[in-house]
Each structure stands twice: as C-alpha cells, then as structure tokens.
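Residues 5 to 132 in this note's numbering are what the sequence shown spells out, letter by letter.
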Amino acid sequence: MMRWGWSEDDVFSAFKMHPPCMIMSVKKLMQVMDFLVNKMGWSSRMIAKHPLVLSFSFEKRIIPRCSVVKVLMLRGLKNKNLNLNYVLQPAQKEFLEKFVTKFLDRVPQLLIVYQGNVDIQDAKVLVT
C-alpha cells in the first residue's frame with residue numbers, strides 16, 4: 005500500500021480499523037485502489053481512513069455505485085468531493101434512494117448504469 009502513498013501509520017491504522025483488509029489478495033487491493041484513485045479521483049489517503057471499502061465486492065458494489073456517482077458528478081448533481089464511505093457503505097436500499105431514485109427524473113439512465121449495463125468509461129456519454 006506504500007506505492008499508493010500510504011505511510012506506515014496509514015497501514016497500521018487501516019489494519020486496526022479493519023484487520024481483514026490485510027489478508028486480501030494484492031491483485032484485489034490493486035484493482036480497487038486503481039479504480040477508486042484513478043477512475044473516481046478519490047485520494048488514497050481517504051481509502052486508508054475507510055479500509056472497509058476494500059473488502060466490498062468490486063463487481064457487485066464498487067463498480068455499480070461508483071458508476072452512478074460518476075454520472076451524477078459529471079452532470080453536476082453531486083459534489084466531486086463526495087465522501088467514499090457515504091457512497092459505498094450504505095445498504096442497497098439506502099444507496100438506491102439517495103443516488104438513483106432521487107435523480108431518475110433528471111437522469112433516467114441511472115438504473116441502467118447501476119445494473120451494470122454501462123461502463124464507467126461510457127459515463128461521459130450520458131452527460132450530453
């Protein structure tokens with residue numbers, strides 16, 4: 005995790021908050037970190053402060069939710085400084101209410117995005 009800019013204290017802190025994150029495969033850690041930092045623009049230090057997000061399913065939770073949030077950010081409907089925990093931690097029902105249902109009138113494709121039928125790279129297409 006040092007390659008992502010985590011200090012030794014960040015690593016120890018993440019381990020204390022969520023010990024299972026330290027037994028995850030390097031491949032999964034790198035995949036999640038790359039996506040959250042490089043595609044979503046969140047800082048690696050923010051992830052260090054919320055290590056639970058590393059254990060969420062990449063395909064079933066992280067990608068669908070982040071894809072929805074990316075569309076909302078590109079449309080100017082959500083702040084780019086959104087907290088990672090606010091997006092990834094809530095139960096599915098709460099997430100759908102806060103991020104999908106609430107904005108369906110302005111972005112009708114959000115449910116399709118959430119269901120995984122639109123890649124995050126294609127999110128910019130939905131902005132026009």
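Just so you know, even glycine gets a beta-carbon here, dropped at the ideal spot from N, CA and C.
On a predicted model such as this, the values are computed, not experimentally measured, just so you know.
Spatial neighbours of residue i in its chain, beta-carbon cut-off 8 Å, leaving aside the 5 residues before and after
i: leucine 86; result: Val73, Met77
i: leucine 115; result: Val104, Leu108
i: lysine 102; result: Pro94
Cutoff 6 Å; reference residue i; Cβ partners in own chain excluding five residues on either side
i: tyrosine 118; result: Pro68, Val72, Val104
i: glycine 120; result: Pro68
i: aspartate 14; result: Ala52
i: valine 91; result: Arg69, Val73
i: arginine 110; result: none
CB-CB length for residue i against residue j, believed under 8 Å
i: cysteine 70; j: methionine 44; result: 5 Å
i: serine 59; j: methionine 28; result: 7 Å
Own chain, CB closer than 7 Å to residue i, minus 5 neighbours either side, in chain order
i: lysine 82; result: Val73, Leu76
i: glutamine 35; result: Phe62
i: phenylalanine 99; result: Arg69
i: proline 55; result: Ala18, Met21, His22, Cys25
Validate contact between the region 47-60 and the region 7-23 using beta carbons, cut 8 Å, 3 pairs:
Note that the region 47-60 touches the region 7-23; at least 3 beta-carbon pairs, one per stretch, sit closer than 8 Å.
With three or more C-beta pairs closer than 8 Å as the rule, is the region 60-72 touching the region 34-43?
At 8 Å Cβ cutoff, the stretches touch.
Within the region 71-125, note down every full beta strand (DSSP E) run reaching 3 residues or more, in order along the chain.
Runs of the beta strand (DSSP E) inside the region 71-125: none found.
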